[in-house]
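Mapping of the sequence shown onto the working numbering: residues 240 to 546, in sequence order.
Yeah, the Cβ is synthetic: ideal placement off N, Cα and C, and Gly gets one too.
First comes the structure, then the notes that go with it.
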Amino acid sequence: MKQTATLSAETGSQTAAAHAMLAAMLIIGITDNAVPLMAEQIGLGQFYLLRSFVALPFLWLMARAGLGGLAPRRMGAVLLRAVLVAVAMVFYFAAVALMPIAQALAGLFTSPIIIVLISVLFLKMQIGWVRIGAVLFGFSGVLMVLQPDPAAFNWLILLPVAGGLFYALGSLATGLYCQGESTVAMLFIYLLVQGALGAMLLTGLEIWPQAVPAGADGFVTRGWVWPLWEISHLILLQGCAAVGGVFLITKAYQLGEASFVAVFEYSVMIVGPGVAWAYWGQALNIWQMLGITLIIAAGTTIAVRSR
């Protein structure tokens, strides 16, 4: 078993890793709350394409500054990882636009639970009762936050859970096949795939147009919209967040012990809903707050107990 990281000889790097992860979660927690504003005017495909278009020049500058090359060592592995994570974010951003961000994050953070299940069922790994209990508690927490109604089940709540599934697969691909790859290279391929998915969504809607409800409800089925001046600042914000947030997350895991760093990733479960409450008035009931607590506790336990 991997032990909890101790801040001894490597205190500096561990502290830097924690700071990097907290900064990343602050960026993501704030900027993801801007997605509903954008969803009222543009569609998911256009959002994805423009996000990549804005982010790629920043990434090129990072490569020129010597932070890493753009070419991966194993293109197939990095491409697989990029596709899985990009698909995960399609589901997640759709969920953020259509439901409270606390529910979207709860669905996405099923990924540690799914990773444990895949590791046991398909990779034949052995786990103890502590992680089994953490999986059960984490699943209970997700149900508390999503609050599905058996009498009138809404399939919408499965959107972020689908995001959690693909994010878990992307995380497994990263650990199994992408060791030693440049952070910049992985982010570069991810942004290319993200832009390609956005273009494919737009092309599909152009060929097979769908009914577009007003406001954020039309986020998934809305095609290209012009002009964009009113939300140009939000597009720029998303592009910067795509580079800065993901780069800081990857850097955090490079600097510190994975089981130590992963704990700080759950700070977004506080930042995101906190900003949503302050800006959107998205209040949580007592059961949802308890669910978030269980998700954080379960994810932290899994991170600390896992290799």
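Where the alpha helix (DSSP H) containing residue i begins and where it ends
{"i": "S291", "result": "L283 to R303"}
{"i": "L382", "result": "W368 to L385"}
Three-state class that DSSP yields for residue i in the structure shown
{"i": "L430", "result": "helix"}
{"i": "T270", "result": "helix"}
{"i": "C417", "result": "coil"}
{"i": "M260", "result": "helix"}
{"i": "F589", "result": "Nothing can be reported for residue 589, as the shown portion of the chain is limited to 240 through 546."}
{"i": "P275", "result": "helix"}
{"i": "Q527", "result": "helix"}
{"i": "Q253", "result": "helix"}
{"i": "M364", "result": "coil"}
{"i": "A223", "result": "Missing from the structure shown is residue 223; the chain here goes from 240 to 546 and no further."}
{"i": "G403", "result": "helix"}
{"i": "G520", "result": "coil"}
{"i": "M240", "result": "Bear in mind that the predicted position of M240 carries a pLDDT of just 34, short of 50, making it too unreliable to give a figure here."}
Identity of the residue in the options nearest residue i by Cα
{"i": "M264", "options": "I371, V514, V543 and D456", "result": "V514"}
{"i": "I474", "options": "A259, N272 and M277", "result": "M277"}
{"i": "R290", "options": "D456, M338 and V329", "result": "V329"}
{"i": "P399", "options": "A333, L441, I535 and Y287", "result": "A333"}
{"i": "V451", "options": "R461, L436 and S471", "result": "R461"}
{"i": "S358", "options": "S410, W394 and A391", "result": "S410"}
{"i": "Q527", "options": "V543, A542, T413 and I509", "result": "I509"}
{"i": "L344", "options": "T489, G538, I525 and E469", "result": "G538"}
{"i": "Q477", "options": "I269, M314, L444 and L408", "result": "I269"}
{"i": "K383", "options": "R544, W394, I525 and A542", "result": "A small correction: the amino acid at residue 383 is Met; Lys does not occupy that position in the sequence shown. The shortest C-alpha separation from M383 is found at I525."}
{"i": "L467", "options": "E279, A257 and N272", "result": "E279"}
{"i": "A401", "options": "L323, L426 and T413", "result": "L323"}
{"i": "A256", "options": "G530, E504 and G346", "result": "E504"}
{"i": "R370", "options": "I267, M314, I352 and T422", "result": "I352"}
{"i": "C479", "options": "L318, F458 and L298", "result": "L298"}
{"i": "D456", "options": "L395, V543, A259 and V374", "result": "L395"}
{"i": "P387", "options": "Q342, G377 and G443", "result": "Q342"}
{"i": "G483", "options": "Q253, M260, L288 and A542", "result": "M260"}
{"i": "I535", "options": "G520, A522, G434 and L375", "result": "L375"}
{"i": "A481", "options": "H258, W463, S252 and I266", "result": "I266"}
{"i": "G307", "options": "G511, F458, M425 and G414", "result": "M425"}
{"i": "V459", "options": "G282, T422 and A262", "result": "G282"}
{"i": "L347", "options": "N393, A407 and F392", "result": "A407"}
Residue i, buried or exposed, once every other Cβ within 10 Å from all chains shown has been counted against 16
{"i": "Y429", "result": "buried"}
{"i": "T540", "result": "buried"}
{"i": "Y518", "result": "exposed"}
{"i": "K363", "result": "exposed"}
{"i": "Q365", "result": "exposed"}
{"i": "E420", "result": "buried"}
{"i": "A321", "result": "buried"}
{"i": "D271", "result": "buried"}
{"i": "L337", "result": "buried"}
{"i": "Q418", "result": "exposed"}
{"i": "M314", "result": "exposed"}
{"i": "G380", "result": "buried"}
{"i": "M301", "result": "buried"}
{"i": "L360", "result": "exposed"}
{"i": "G403", "result": "buried"}
{"i": "E496", "result": "buried"}
{"i": "T442", "result": "exposed"}
Residue i Cβ short of 7 Å to the ligand MN heavy atom set
{"i": "I488", "result": "Among the ligands in the structure shown, none appear at all, so the ligand MN cannot be discussed."}
Self-check item: Entirely enclosed alpha helix (DSSP H) segments - the segment 445–508, minimum 4 residues
Solution: Fully enclosed alpha helix (DSSP H) runs of 4 or longer: 471–494 and 497–504.
Exercise. Write down every uninterrupted run of the alpha helix (DSSP H) in the segment 294–353 whose length is 4 residues or greater and which is fully enclosed by it, in chain order.
Key: Counting whole runs of 4 or more residues, the segment 294–353 contains the alpha helix (DSSP H) stretches 314–337 and 340–347.
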